[in-house]
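Participant: Please read through the structure below; I'll follow up with questions.
See below:
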């Protein structure tokens with residue numbers, strides 16, 4: 002579907018308007034360069050998640066966590082947070098945490114939608130220098146690293162904590 006959209010756009014927005022193929026391809030090249038890293042990150046995260054599932058690591062961790070007295074929601078949030086701090090990418094953290102906590106979702110009475118929200122909230126936590134979003138924010142607003150930590154990191158962490166509190170509140174009433 003995406004390639005079909007690209008081909009239609011090349012014709013309707015480029016060749017159909019009288020632009021030369023070289024101009025159109027330069028435009029396509031610059032557009033693709035902008036999304037390449039995002040696609041690679043998503044693909045890498047999906048691959049890591051699948052490795053965790055196929056290797057049995059996800060089930061092993063899930064079995065260990067099932068014996069825990071902690072809420073599956075808090076565990077999912079914590080796992081996503083830990084992965085986010087280690088690898089930096091919220092996308093990687095979310096997809097990887099989902100693969101790890103899948104056995105918890107299957108073995109609990111917690112609504113899967115709440116687990117998704119908990120993982121999403123955890124994946125926003127503690128953004129710092131290993132996160133691409135951190136650097137985009139820093140450069141866009143021309144901030145120092147210290148100021149970016151005091152603004153972006155605090156904001157992302159606040160969103161993550163408030164998200165967890167919201168999910169726990171929803172879980173209490175559903």
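In my numbering, the protein residues as written are 2 to 175. Ideal Cβ positions, reconstructed from N, Cα and C, are used throughout, including at glycine.
Going along the chain, which unbroken runs of the alpha helix (DSSP H) with 4 or more residues stay wholly within the segment 20 to 105?
Facilitator: Whole alpha helix (DSSP H) segments, 4+ residues: 22 to 55, 58 to 67, 73 to 88.
Participant: Should residue 36 be labelled buried (16 or more other beta-carbon atoms within 10 Å of its own) or exposed?
Facilitator: So residue 36 ends up on the exposed side.
Participant: Select from 114, 50, 46 the residue whose C-alpha is nearest the C-alpha of residue 171.
Facilitator: 114
Participant: Is it true that the segment 139 to 156 meets the segment 103 to 111, where meeting means three or more beta-carbon pairs spaced less than 8 Å apart?
Facilitator: no
Participant: DSSP state of residue 172, grouped into three classes?
Facilitator: helix
Participant: Based on Cα-Cα distance, which residue from 164, 138, 60 lies nearest to residue 152?
Facilitator: Minimum Cα distance to residue 152 is reached at 138.
Participant: So, with DSSP's three-state summary, where would you put residue 130?
Facilitator: coil
Participant: Report the rounded CA-to-CA distance for residue 168 versus residue 4, giving the unit in angstroms.
Facilitator: 38 Å
Participant: Report back the beta-carbon spacing between residue 128 and residue 135 to the nearest angstrom; my notes put them in contact at under 8 Å.
Facilitator: 5 Å
Participant: Using the beta-carbon count (16 or more within 10 Å), is residue 50 buried or exposed?
Facilitator: buried
Participant: For residue 82, I'd like the list of residues in its chain whose CB is within less than 6 Å of its CB, leaving aside the five on either flank, ordered along the chain.
Facilitator: Cβ within range, chain order: 123, 126.
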